[in-house]
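Asker:
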Amino acid sequence: MKYKKIIVTTAVIMISIAFLSFSVHNYNNNDIPRLWDLKKLKSAHLPLVDRSINVEPISEDLYYKIPERIAYKTYTLYMPGREPKGYYEWLLQQEPEIVFDASKIQTEEDWIKAGEIIYEMPQNFSGFIDSVVNREELQGFASFMNSVHMPVASDGSIPFFKLVIRQKGKIEAGSFSCGNCHNKVMPDGSVLKGGQGNYPFDDIFGGGLKSTAEETKMTDSAANAMVSQSFRGLFGAPWIKHQSQEYIKKPDWKHATSVLMATVPGVMHRHSSILGAPTAIPDLFNLKDRKYLDRTGLIIQRDISDVMRYAVLNQEMDFTNSYGAFKPDTSPDSVITKRYTRFSDPQAFALAKYLYSLKPLPNPEKAAPSLIAKGKAI
Numbered sequence: 000m001k002y003k004k005i006i007v008t009t010a011v012i013m014i015s016i017a018f019l020s021f022s023v024h025n026y027n028n029n030d031i032p033r034l035w036d037l038k039k040l041k042s043a044h045l046p047l048v049d050r051s052i053n054v055e056p057i058s059e060d061l062y063y064k065i066p067e068r069i070a071y072k073t074y075t076l077y078m079p080g081r082e083p084k085g086y087y088e089w090l091l092q093q094e095p096e097i098v099f100d101a102s103k104i105q106t107e108e109d110w111i112k113a114g115e116i117i118y119e120m121p122q123n124f125s126g127f128i129d130s131v132v133n134r135e136e137l138q139g140f141a142s143f144m145n146s147v148h149m150p151v152a153s154d155g156s157i158p159f160f161k162l163v164i165r166q167k168g169k170i171e172a173g174s175f176s177c178g179n180c181h182n183k184v185m186p187d188g189s190v191l192k193g194g195q196g197n198y199p200f201d202d203i204f205g206g207g208l209k210s211t212a213e214e215t216k217m218t219d220s221a222a223n224a225m226v227s228q229s230f231r232g233l234f235g236a237p238w239i240k241h242q243s244q245e246y247i248k249k250p251d252w253k254h255a256t257s258v259l260m261a262t263v264p265g266v267m268h269r270h271s272s273i274l275g276a277p278t279a280i281p282d283l284f285n286l287k288d289r290k291y292l293d294r295t296g297l298i299i300q301r302d303i304s305d306v307m308r309y310a311v312l313n314q315e316m317d318f319t320n321s322y323g324a325f326k327p328d329t330s331p332d333s334v335i336t337k338r339y340t341r342f343s344d345p346q347a348f349a350l351a352k353y354l355y356s357l358k359p360l361p362n363p364e365k366a367a368p369s370l371i372a373k374g375k376a377i
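At position 207 of the sequence shown (counting the first as 1) the number is 206 in numbering that gives the first Met the number 0, and the numbers step up by one without a gap.
(1) When DSSP builds the beta bridges, which residues end up paired with TYR77?
(2) Taking Cβ positions, are ILE298 and GLY196 nearer each other than 7 Å?
(3) Is the separation between the beta-carbon of GLU59 and that of PHE124 shorter than 7 Å?
(4) Might you give, ordered along the chain, the residues of its own chain that have their beta carbon closer than 7 Å to the beta carbon of PRO95, omitting 5 neighbours on each side?
(5) Is there contact between the region 108-115 and the region 350-363, where contact requires at least three CB pairs shorter than 8 Å?
(6) How big is the Cα-Cα spacing for ASN182 and GLY296?
(7) Could you check the C-alpha separation between GLY287 and ALA310 for me, to the nearest Å?
(8) Comparing C-alpha positions only, which one of THR329, PRO368, HIS44, LEU91 sits nearest to GLY235?
(9) Would a C-beta distance cut-off of 7 Å place SER321 and GLU55 closer than the cut-off?
(10) From what residue to what residue does the beta strand (DSSP E) around LYS192 run?
(11) Can you list, in chain order, the residues of its chain whose CB lies under 7 Å from that of TYR291, leaving out five sequence neighbours each side?
(12) Going by beta carbon distance, what residues of the same chain come within less than 8 Å of MET144, once the five residues before and after it are set aside?
(13) For PHE21, count neighbouring C-beta atoms within 10 Å of its own C-beta (all shown protein chains included) and say buried if the count is 16 or more, exposed if not.
(14) Can you list, in chain order, the residues of its chain with a C-beta nearer than 6 Å to that of PRO327? Leave out the 5 residues immediately preceding and following it.
(15) Once DSSP output is grouped into helix, strand and coil, what is the label at ALA276?
(16) Do ARG68 and THR340 have their CB atoms nearer than 7 Å?
(17) Return yes when the Cβ of PHE204 is within less than 7 Å of the Cβ of LEU137, no when it is not.
(18) Cβ atoms of SER176 and GLU119: under 7 Å apart, would you say?
(19) Quick check for students: name the residue ranges of the alpha helix (DSSP H) that lie wholly in the region 211-240, counting only runs of 4 or more.
(20) Skipping 5 residues on each side, what residues in its chain have a beta carbon closer than 6 Å to that of SER130?
(21) Going by CA-CA distance only, name the one from LEU274, SER257, SER272, THR278 that's closest to GLY265.
(22) Taking the beta strand (DSSP E) that ASN320 belongs to, which residues open and close that run?
(23) Would you check if the distance between the CB atom of ASP282 and the CB atom of GLY178 is smaller than 7 Å?
(24) Sort TYR62, PRO46, ASP30, VAL263 by Cα distance to LEU37 and report the nearest one.
(25) Mind checking PRO345: buried by the 16 CB within 10 Å criterion, or exposed?
(26) Quick one: what's ASP129 bridged to in DSSP?
(27) So what does ILE69 bridge to, in DSSP terms?
(28) So who's on the other strand from GLU96, going by DSSP bridges?
(29) Could you compute how far the alpha carbon of ALA84 sits from the alpha carbon of PHE159?
(30) If you follow the alpha helix (DSSP H) that ASN53 is in, where does it begin and where does it stop?
(31) Please classify HIS270: is it buried, with 16 or more other beta-carbons within 10 angstroms of its beta-carbon, or exposed?
(32) Any idea what DSSP makes of MET267, helix, strand or coil?
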């Protein structure tokens, strides 16, 4: 089913947040840090436990040859049947619209608003509706969403994806945005941005591998090879001598998919983790004073430029790194520049500004003023 292609492997972006200053300031290009600065990239990485392995990002020249992402206007994706009447027919009449233009951004508030656009900007696109609304296919999509226990907001929206018009008369589903992992449907049906997201990544990932093996009638050997290839890029660290790395070479596809599909939302088998040890998805609130980013404190945060780089690395660019002799993506440069897209420096800067502006929800627990005073004294 074409709608299954909508769901893509997601990477968690664990990013530091700082308090927002509402001062008015006109920005120019000199205010925006250079994102892919090799010296700063390398110095931001803490040394690996095995000091013989050096992390080597791709060159600045190669990075800036990768095409910039275009921020098209996005639209809400609803669970089929809960969209406004005539919604898809209306979308088919919309013209493509580019909504991020750094030359028009003047103030701090402008950067934050633009950053929210980048936070929700999809990286990957899959066909959703082409010219004619097919209700039967939409119902199939709804059934698939239900089968993977997709959280749905009270207004019927699925906040992990967006609909996009890049060509009039063609609706695409966009995925792999920051919101894909950090939007959360709350118990009351509201949507929290920057939270510990509850997108069912592993249910979809494991289910996709399982259905591919079963529907194409793969032999066990072929299915194991498929899983091994998928796991190599996500979990591979061959310099580590451990049974978890040996498992990547010779997995049992039935066992592997069952482990993935048993994973609960709020944690995920993200890249750089390992099967059976999913990483807790962090929220993006109150991180101003945290010096280190990533679940294991792998990246040091010195200023906003480190947040920019960390976001970019977690939207696939760390697959292009070299770890000693190991590369998750072994493609030549000519393929790298076609396979990947990248944030522009202003896009990443805007994203970081938006993330810095996020505030946590109020604490629902109320304490007596006298108790608070005692705590303050202590």
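No residue lacks a Cβ here, since even glycine has one placed at the ideal position from N, Cα and C.
Answerer: So, from the data block:
(1) SER156
(2) no
(3) no
(4) TYR71, ILE164, ARG165, GLN166, LYS167
(5) yes
(6) 22 Å
(7) The sequence given here has Lys at residue 287, not Gly. Cα to Cα, the separation comes out at about 16 Å.
(8) THR329
(9) yes
(10) 190-192
(11) ILE298, ILE299, GLN300
(12) MET78, VAL151, ILE157
(13) Because the pLDDT at PHE21 is just 32, under 50, the model does not fix this residue reliably, and the value given afterwards should be weighed accordingly. Classification for PHE21: exposed.
(14) GLY232, PHE318
(15) strand
(16) yes
(17) no
(18) yes
(19) 219-234
(20) GLY168
(21) THR278
(22) Counting along the chain, ASN320 falls outside any beta strand (DSSP E), and DSSP gives it neither H nor E.
(23) no
(24) TYR62
(25) buried
(26) LYS169
(27) Looking at the DSSP assignment, ILE69 forms no beta bridge with any residue, so it has no partner.
(28) BP columns for GLU96 are empty, so no partner.
(29) Note that residue 84 is Lys in the sequence shown here, rather than Ala. Spanning the two alpha carbons is a distance of roughly 22 Å.
(30) Run containing ASN53: none; DSSP gives neither H nor E here.
(31) buried
(32) strand
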